[in-house]
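**Q** Below is the structure I would like to discuss, written out as structure tokens.
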Amino acid sequence: MQFSPLRALGQGLVIILICAVSAEVSLRIFNTFVPTFIFYDDSYERYRGRSGESDWGFPLNSLGFKDTEWGDALDDVYRIAGIGDSFAYGVVPYEQVYYTRLEDKLNETHRTEVMNFGIAGIGPADYRDLFMREVLPLEPDMVVVSVYLGNDLDEARVREWWSYSYLTTLGTFVTKVPLVQGGPTHQGVYCDECANFPEETYMSIVAEISKHLRARHPALAGAADRVGFYVGDIADVCARFEIDMTVLIIPSEAQVDNSLLASVRAKHFPSLGDEAFEILRPNRAVGEILSSRGIDVLDVTEAFQADARRLYRPRDTHWNIAGNELGAELLRQHILERFDLSAWELGAN
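Here the working numbering is used: the first residue of the sequence shown is 7, the next is one more, and so on.
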């Protein structure tokens with residue numbers, strides 16, 4: 007039979023199509039039985055840890071959270087539920103995460119339990135769902151919602167076209183491995199001074215989450231409204247059940263480190279002058295909306311700006327050990343100043 011280039015091409019395309027379909031089906035079956043954060047999922051379960059999985063040597067609890075096991079609520083213990091994304095989950099070991107340190111600090115004067123519900127990769131809509139489904143049934147006396155002024159303002163993103171296929175999702179993941187180093191959990195030995203991302207990757211990340219610092223960026227108002235909507239739903243339920251609540255506003259590193267912002271501006275926004283940036287613009291937008299709904303807010307941005315120490319892990323965007331420690335102390339002071347914990351004070355009847 008005479009060789010036909012057109013027929014050979016057609017056969018090759020059929021083989022490729024069969025392989026692609028087989029791979030797509032196989033990946034979907036695999037993800038059904040072994041869920042992974044790589045593939046798209048519009049629920050907070052996507053990045054949730056697995057029971058017993060290790061993070062810097064610490065086993066996640068039976069619910070998949072980076073914390074010890076939780077029992078029933080006790081009348082003589084003030085129970086706090088801490089909600090948040092990867093900041094709450096922590097890139098540092100369990101013992102140094104700010105929710106863990108908050109519990110340690112409060113227990114010096116008050117009988118307190120802090121439950122860490124942090125899940126990496128989630129946002130305000132997930133905070134509300136997580137609160138309704140899992141936090142509320144555990145009967146907390148207080149809820150702390152951590153809002154990060156980086157990607158929490160962008161949580162309602164449009165779904166990428168490639169995420170509809172597991173095969174193209176896997177291909178995208180492989181080509182962007184530096185952007186997702188470590189996955190939801192961390193292995194090995196923690197290094198507080200070691201950089202996480204490559205320089206180029208890190209600068210691109212900071213540039214993306216710094217766009218809301220631009221004085222005329224049009225998306226901020228809508229983003230702040232979304233935060234207020236979802237967090238406001240949590241506040242409404244807390245008020246109904248007489249649960250104390252506060253919101254912790256966490257700044258991005260570019261809001262704290264002037265030299266970092268200058269480097270990002272020089273590389274990614276060279277044509278924009280000083281007047282084009284307002285460092286506290288996101289804080290005002292989110293803070294005003296939350297305050298208008300009567301929600302208590304702790305914004306630690308200025309305290310972090312005033313501290314001369316390095317408070318973020320190098321090239322990582324998250325707090326290092328010192329940052330977590332400062333955040334925990336500011337939160338401890340705020341809680342004791344704004345809320346009445348006298349019934350749980352050590353020595354009280």
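Ideal Cβ positions, reconstructed from N, Cα and C, are used throughout, including at glycine.
Computed from a prediction, not measured in an experiment: that's the story for all the values here.
Considering only residues of the region 280 to 340, which uninterrupted beta strand (DSSP E) runs meet the minimum length of 3 residues and lie entirely inside it, listed in chain order?
**A** Taking only runs of at least 3 residues, the beta strand (DSSP E) segments lying wholly in the region 280 to 340 are 303 to 305.
**Q** Spatial neighbours of Arg321 within its chain, please: C-beta separation below 7 Å, excluding the five flanking residues on both sides.
**A** So the qualifying residues of the chain are Ala201, Asn202, Phe203, Glu205 and Tyr208.
**Q** Please return the same chain residues whose Cβ sits closer than 8 Å to the Cβ of Lys72, not counting the five positions on each side in sequence.
**A** Only Gly55, Asp61, Phe64, Leu66, Tyr95, Gly96, Tyr100, Val103, Asn122 and Gly124 meet the Cβ criterion.
**Q** Could you compute how far the alpha carbon of Val303 sits from the alpha carbon of Ile24?
**A** Going from the Cα of Val303 to the Cα of Ile24 covers about 55 Å.
**Q** What does the alpha-carbon distance come out to for the pair Val270 and Gly77?
**A** Taking the straight line from one Cα to the other gives about 46 Å.
**Q** Can you tell me whether DSSP reads His116 as helix, strand or coil?
**A** It is a strand residue.
**Q** Give the secondary structure of Gly88 by DSSP, where H, G and I count as helix, E and B as strand, and everything else as coil.
**A** Here Gly88 sits in strand by DSSP.
**Q** Got a sec? Which residues, its chain only, sit under 6 Å from Gly70 by beta carbon, not counting five neighbours each side?
**A** So the list reads Arg54, Gly55, Arg56 and Ser57, once near-sequence residues are dropped.
**Q** Quick check: the region 129 to 141 against the region 103 to 116, are there 3 or more CB pairs under 8 Å?
**A** Output reads no: the region 103 to 116 does not touch the region 129 to 141.
**Q** Take Pro288 and list the residues in its own chain whose beta-carbon comes closer than 6 Å to its own, dropping the five residues that flank it on each side.
**A** Same-chain partners within the cutoff: Leu155 and His218.
**Q** Could you check whether Asp305 and Ile255 sit closer than 8 Å to each other, using their CB atoms as the reference points?
**A** In contact: Ile255 and Asp305 (Cβ atoms closer than 8 Å).
**Q** Does the region 336 to 355 come close enough to the region 226 to 243 that 3 or more CB-CB pairs lie under 8 Å?
**A** At 8 Å Cβ cutoff, the stretches do not touch.
**Q** The alpha helix (DSSP H) that contains Ser269, what's its start and end?
**A** First-last of the alpha helix (DSSP H) with Ser269: Asn264 to His274.
**Q** Taking Cβ positions, are Gly4 and Ser92 nearer each other than 8 Å?
**A** No statement about residue 4 is possible, as the shown extent of the chain runs from 7 to 355 and does not include it.
**Q** Do Leu266 and Val212 count as a contact pair if the criterion is CB distance below 8 Å?
**A** Contact: yes.
**Q** Where do the N-terminal and C-terminal ends of the alpha helix (DSSP H) with Ser210 fall, by residue?
**A** First-last of the alpha helix (DSSP H) with Ser210: Glu205 to Ile215.
**Q** Look at the Cβ atom of Gln261, then the Cβ atom of Ile285, and state whether they are nearer than 8 Å.
**A** For Gln261 and Ile285, yes; Cβs fall inside 8 Å.
**Q** Go to Asp158, then tell me how far its alpha helix (DSSP H) extends in each direction, as first and last residue.
**A** Element bounds for Asp158: n/a, residue is neither H nor E.
**Q** For Ile89, which option in Asp110, Ala131, Glu75 and Glu59 has the closest C-alpha, if you only look at C-alpha atoms?
**A** Closest option to Ile89, Cα to Cα, is Ala131.
**Q** Would you kindly check if the distance between the Cβ of Ile215 and the Cβ of Ser152 is under 8 Å?
**A** No, the Cβ-Cβ distance between Ser152 and Ile215 is not below 8 Å.
**Q** Could you check if Asp346 is buried or exposed, using at least 16 other CB atoms within 10 Å of its CB as the buried criterion?
**A** Exposed: under 16 other Cβ atoms inside 10 Å.
**Q** Specify the secondary structure class of Arg220 as computed by DSSP and reduced to three states.
**A** Strand, per DSSP.
**Q** Quick one, which of His116, Ala268 and Ile21 has its alpha-carbon nearest Asp280's?
**A** Per the Cα distances, Ala268.
**Q** Here's the rule: buried if 16 or more other CB atoms are within 10 angstroms of the residue's CB, otherwise exposed. What is Gly300?
**A** By the neighbour-count rule (16 or more Cβ atoms within 10 Å), Gly300 is not buried but exposed.
**Q** Rounded to the nearest angstrom, how far is the Cβ of Lys111 from that of Glu335, given a contact under 8 Å?
**A** Yes, Lys111 and Glu335 are in contact; Cβ-Cβ is about 7 Å, under 8 Å.
**Q** For the beta strand (DSSP E) holding Leu144, just list the boundary residues, first then last.
**A** Run containing Leu144: none; DSSP gives neither H nor E here.
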